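Protein chains in written order, with this note's numbering: chain V, 4 to 295; chain X, 281 to 535; chain C, 675 to 987.
Beta carbons: idealized from backbone N, C-alpha and C, even for Gly.
If you're wondering where the values come from, they're calculated on a predicted model, not measured in any experiment.
Remarks on the structure that follows.
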Amino acid sequence: MLTLLPQLVVSGTSTGMLYALIALSMTVVYRATTVVNFGHGDMVAAGAYAVFVFSLGFGLPFLIAMLLAIAVLFVAGFATQHFLLQPIVAGPHLSLAMMALAVGYTLRGMLRLEWGNETMNPSRPYPQDVYMFGTVVVTTDDVVICGFVLVLLAALFVLLQVTPLGKVIQATFQSQRGAALVGINVPLFHALMWGGGAALGALGGVMLSMITPLTPDLGQWTLVQGFAAMTLGGFGSLGGAVAGGILLGITEKLLGFYVNTVFIEITGYLVPIIVLMLRPQGLFGRRMTVRV
Amino acid sequence: MADGTLLQLRDVTVRFGGLIAVDSVSFNLHAGEICALIGPNGAGKTTLFNSISGNVIADSGSILFRGEEIRHLTPHEISARGARRTFQNGGLFPELTALENILVGLHAQIDSSFLGLLFGGKSVAAELAATQQARELLDLMGIGAMANQKAGALSGGQQRMVEIVRALATNPPLLLLDEPAVGLAPLGRQQLATVIHMLARERGIGILLIEHAIELVMSVADRVIVLNDGRKVADASPEEVRADRTVLEAYLGHA
Amino acid sequence: MDRRLFWLVPLALLPVPLWLNPYQQYVLNTALVYIPVGIGFNLVVGNLGLLAFSNVAYFGLGAYTSGVLMAQLGMPWWMTIIPAASVGGLAGSIASIPALRGVRLFYLAIMTLAFGELMRWTYIRWEALTGGSMGMAVPTADLLGWPLDSDRRKFYVFLALVVLTLTLTDRLMRSRFGRAFLAIKDNEISAAAMGVATDRYIVLAFAWGGAVVGIGGAMFAISVGHLSPVSFDLTELIRQFAIIMVGGLGSLIGAIIGAAIITVAPQVFISFPGFDELVFGILIVLVILFLPRGLSSLLARVHPAFTDRFYRG
Numbered sequence: 004m005l006t007l008l009p010q011l012v013v014s015g016t017s018t019g020m021l022y023a024l025i026a027l028s029m030t031v032v033y034r035a036t037t038v039v040n041f042g043h044g045d046m047v048a049a050g051a052y053a054v055f056v057f058s059l060g061f062g063l064p065f066l067i068a069m070l071l072a073i074a075v076l077f078v079a080g081f082a083t084q085h086f087l088l089q090p091i092v093a094g095p096h097l098s099l100a101m102m103a104l105a106v107g108y109t110l111r112g113m114l115r116l117e118w119g120n121e122t123m124n125p126s127r128p129y130p131q132d133v134y135m136f137g138t139v140v141v142t143t144d145d146v147v148i149c150g151f152v153l154v155l156l157a158a159l160f161v162l163l164q165v166t167p168l169g170k171v172i173q174a175t176f177q178s179q180r181g182a183a184l185v186g187i188n189v190p191l192f193h194a195l196m197w198g199g200g201a202a203l204g205a206l207g208g209v210m211l212s213m214i215t216p217l218t219p220d221l222g223q224w225t226l227v228q229g230f231a232a233m234t235l236g237g238f239g240s241l242g243g244a245v246a247g248g249i250l251l252g253i254t255e256k257l258l259g260f261y262v263n264t265v266f267i268e269i270t271g272y273l274v275p276i277i278v279l280m281l282r283p284q285g286l287f288g289r290r291m292t293v294r295v
Numbered sequence: 281m282a283d284g285t286l287l288q289l290r291d292v293t294v295r296f297g298g299l300i301a302v303d304s305v306s307f308n309l310h311a312g313e314i315c316a317l318i319g320p321n322g323a324g325k326t327t328l329f330n331s332i333s334g335n336v337i338a339d340s341g342s343i344l345f346r347g348e349e350i351r352h353l354t355p356h357e358i359s360a361r362g363a364r365r366t367f368q369n370g371g372l373f374p375e376l377t378a379l380e381n382i383l384v385g386l387h388a389q390i391d392s393s394f395l396g397l398l399f400g401g402k403s404v405a406a407e408l409a410a411t412q413q414a415r416e417l418l419d420l421m422g423i424g425a426m427a428n429q430k431a432g433a434l435s436g437g438q439q440r441m442v443e444i445v446r447a448l449a450t451n452p453p454l455l456l457l458d459e460p461a462v463g464l465a466p467l468g469r470q471q472l473a474t475v476i477h478m479l480a481r482e483r484g485i486g487i488l489l490i491e492h493a494i495e496l497v498m499s500v501a502d503r504v505i506v507l508n509d510g511r512k513v514a515d516a517s518p519e520e521v522r523a524d525r526t527v528l529e530a531y532l533g534h535a
Numbered sequence: 675m676d677r678r679l680f681w682l683v684p685l686a687l688l689p690v691p692l693w694l695n696p697y698q699q700y701v702l703n704t705a706l707v708y709i710p711v712g713i714g715f716n717l718v719v720g721n722l723g724l725l726a727f728s729n730v731a732y733f734g735l736g737a738y739t740s741g742v743l744m745a746q747l748g749m750p751w752w753m754t755i756i757p758a759a760s761v762g763g764l765a766g767s768i769a770s771i772p773a774l775r776g777v778r779l780f781y782l783a784i785m786t787l788a789f790g791e792l793m794r795w796t797y798i799r800w801e802a803l804t805g806g807s808m809g810m811a812v813p814t815a816d817l818l819g820w821p822l823d824s825d826r827r828k829f830y831v832f833l834a835l836v837v838l839t840l841t842l843t844d845r846l847m848r849s850r851f852g853r854a855f856l857a858i859k860d861n862e863i864s865a866a867a868m869g870v871a872t873d874r875y876i877v878l879a880f881a882w883g884g885a886v887v888g889i890g891g892a893m894f895a896i897s898v899g900h901l902s903p904v905s906f907d908l909t910e911l912i913r914q915f916a917i918i919m920v921g922g923l924g925s926l927i928g929a930i931i932g933a934a935i936i937t938v939a940p941q942v943f944i945s946f947p948g949f950d951e952l953v954f955g956i957l958i959v960l961v962i963l964f965l966p967r968g969l970s971s972l973l974a975r976v977h978p979a980f981t982d983r984f985y986r987g
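So, in structure tokens, the structure goes:
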């Protein structure tokens, strides 16, 4: 029984890296504007479809297609925040949540309009292969995803901790009023972070397009998994988002094998419910609760 | 309580982590008495106030309301027992009309049940009576014309009036007013003083208020309690407190 | 204008089926089905003001309760209405638990969303009961022996149920209960200071909302005649959001307007894949930007009788 444990952990980590990327992209948006983007899953899906359109549809090289997809989603995220959310930023939270959700649905409608309910097969720009490490099977998918996400995380880390721009971003995350006082254009920052979050999400979509069949409903699943990962890692924590994603991936695999295969599907639903019931502030995060 | 003591605080202490916000404060308040709670910023007035109304739970000491220990009770339990409070800013329900706000004030006294409302009868009568009562209260205070306006659309002075009427709706023996004069012009403050005076003298309501407006305090209070750094440093008539050196030092020390 | 004149509306609708073809009748029935759905959703999100996105769960549970009781136990439809409402109410009460623990805003939204999806997964998985992804057929309905084998007959029963749920909810809202919900929404702390036992009212709002939506579910079951999990996915959620946003958050009249528009609109325009998501998504965006209080607020500006009141007398 336990002999399969390393395999489960490895493939769980690989899936978890994907979740980590999605959760990270959602957290960037949340940290910057304290709004949870309920349409994020659909932006990720849109990214996946975008790379398809640019590579298979326009025949562009994969790398160019990927960059274009990221650019398109950056613009989408920026525009959503700037034109649709900024005007209502002082309004009730319900409106903000609904606006984000509605944008997501509009995206999904466009995807469904173009591609109906057909499924698109994944398309890899690299040859599929398997490697054996003892009893553990590692696929090229695992390597590519883990490698890519790790490189991305390293780059983001350097950006945030080392570069002046990164310092500005961190400072604004911590105190918007302070940032405004030193002359930072906070609304612009918000829009840029939504763009950045969407772009990161698009990267997640690109990865998804390589390993999973695509349907317009992909956004639904992505959103749930993203929430679950964020909940595990504590809302608002960038590092937590990554940890939460990996933890989610591994937990799914372990529960799915050792307890029941249903857990592969429903862990994502159960995590937010169970974790937030026990600890309303998430495992490591801040409270979004009220005391009467 | 037989001697008319409404509120009795004994050694009430409130801590937030390592910080002592209220340090062993004791005092009594009697029916018909107007007592002002003053002190520099951060003295613990609001925390003490909140511990009486239940929004904060005091760590030790005793808070007796009409002889009953209320330290551990929740805000709505304390309110139901007859100790009602107003809030410094935005205690009203902005989306409800002035009339509906007063009706919420009457909430605990309206004898309507869930099933009774669905299937008619006594509960409906109770609701009709409550509406009538709320209208009368508004008329009595001279703001009957505002009954159907959303509370959020009223002026500051009008909102203050509605909030006080709302707190009074159940004829509470004890009224806790949290900086009632904030944002009021001198005329409004005069009217406020008159109302407070009338409530205590004519209706025998015990009133505890937090206030920064010294002239209002001096003109209306029977007694003034001064807090500094969480401790009570004075508990006397307004004239005596005005002459008290320690009080002056407390304010200067925090200037 | 007296609010009692609103009773004329259902009376005026009584002869309408005579002029409708079966398709139009079906559309009208669907609009009626969605009125209780809007009422229940509005109660929690609009009046109580909590971000509970689990409405589709109550809808699906109500529908499946009704369908399963009919198919598996041979119960006549009219007997399944109360169980459907009860299951909806129970689910609502369960969904209120995180709110009682103080969970709010986006956390609550996420949890309730997950709850809704978990329910849909249950419909798919519990094949023995629900027929799984393939769905289940709903037996013919009847009302105390009178077979509801035409949409016209269903119309009259639906109309009665809609009037019932509207009236009961209106009575609930125009009382200290309704005011308690609104007070909690506007200022929870102040509400408690006024003697409102907030926990009790939160559960009540969730339970009543769930029960009413459950009734809508029971109506849905016999209106469509076939239940499958895909009817209760997140696309259904945007439809229900559109109803309360377009109609007017927290407004009973808004639920009626919203249900009518959301049901009729797809029929007026040529449908295409993704129509619901695209059109309702854009509609919600526009409403939030330009008419945040929905169409009922426009009506209220025209005549005060359309304003929702929360007292009697």
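- Among the residues of chain X, those whose CB is under 9 Å from the CB of Ile863(C) are Asn335, Pro355, Phe367, Gly371, following chain order.
- With three or more CB-CB distances shorter than 8 Å, the segment 30-37 of chain V counts as touching the segment 192-210 of chain V.
- Taking the Cβ atoms as the reference, Ser760(C) lies roughly 15 Å from Val877(C), outside the contact range of under 8 Å.
- Between Ala731(C) and Ala765(C), the C-beta spacing is below 7 Å.
- Between Tyr22(V) and chain C, the shortest Cβ-Cβ separation is not below 7 Å.
- Under the DSSP assignment, Asp502(X) falls outside any beta strand (DSSP E); it carries neither an H nor an E label.
- Cβ atoms of Asp825(C) and Thr814(C) stay farther apart than 8 Å, at about 12 Å.
- Closer than 7 Å to the CB of Arg967(C) there is not a single CB belonging to chain X.
- Per DSSP, reduced to three states, the secondary structure at Phe345(X) is strand.
- Contact of His352(X) with chain C is not assigned, every C-beta pair being separated by 7 Å or more.
- When the beta-carbon positions are compared, Glu349(X) and Gly486(X) stay at least 7 Å from each other.
- For a cut-off of 8 Å, the C-beta gap from Val719(C) to Leu923(C) is around 7 Å, short enough to register as a contact.
- Unbroken alpha helix (DSSP H) runs of no fewer than 4 residues, entirely contained in the segment 44-75 of chain V, are not found.
- Neighbours of Phe394(X) in chain C, taken as residues whose beta carbon is under 8 Å from its own, are Leu846, Phe851, Leu878 in chain order.
- Neighbours of Pro772(C) in chain V, taken as residues at a C-beta separation under 9 Å, are given in chain order as Ile276, Leu279, Met280, Pro283.
- Here DSSP, grouped into helix, strand and coil, assigns Thr18(V) to helix.
- Taking one beta carbon from each stretch, the segment 213-223 of chain V and the segment 116-134 of chain V have 3 or more pairs nearer than 8 Å; the two touch.
- When Cβ-Cβ separations below 7 Å define contact, Leu397(X) makes contact with chain C.
- Within 7 Å of the CB of Ala388(X), the CB atoms of chain C belong to Gly869, in sequence order along the chain.
- For Trp800(C), the secondary structure class from DSSP, reduced to helix, strand or coil, is coil.
- At the C-beta level, Asn716(C) and Ala929(C) come within 7 Å of one another.
- The Cβ neighbour count for Ile505(X), taken over all protein chains shown within 10 Å, is at least 16; the residue is labelled buried.
- Considering only Asp816(C), Trp681(C), Leu685(C), Val837(C), the residue with the shortest C-alpha distance to Leu706(C) is Val837(C).
- Residues of chain C with a Cβ closer than 8 Å to the Cβ of Ser98(V) are, in chain order, Ile962, Pro966.
- Measuring C-alpha to C-alpha distances from Leu694(C) to each of Tyr875(C), Phe894(C), Arg827(C) identifies Arg827(C) as the nearest.
- At a cut-off of 7 Å between C-beta atoms, Val777(C) counts as an interface residue with respect to chain V.
- Listed in chain order, the non-local C-beta contacts of Val139(V) below 6 Å within the same chain comprise Pro9, Gln10, Val13, local neighbours out to five positions each way being set aside.
- Using beta-carbon distances, Val384(X) counts as an interface residue toward chain C, with a partner under 7 Å.
- The beta carbons of Leu63(V) and Phe55(V) sit no closer together than 7 Å.
- With respect to Val75(V), Ala53(V) sits close: the two C-beta atoms are nearer than 7 Å.
- Comparing C-alpha distances from Val209(V) to each of Ile67(V), Ala103(V), Ala93(V), Ala182(V) shows the shortest one belongs to Ile67(V).
- Inter-segment contact for the segment 396-415 of chain X and the segment 875-892 of chain C is absent: fewer than three beta-carbon pairs are separated by less than 8 Å.
- Using a CB distance cut-off of 7 Å, Ala378(X) does not count as an interface residue toward chain C.
- By the neighbour-count definition (other C-beta atoms within 10 Å, threshold 16), Asp291(X) is an exposed residue.
- With its beta carbon at least 7 Å from every one in chain V, Trp800(C) lies outside the interface.
- Gly252(V) is not a Cβ neighbour of Thr30(V), given a cutoff of 7 Å.
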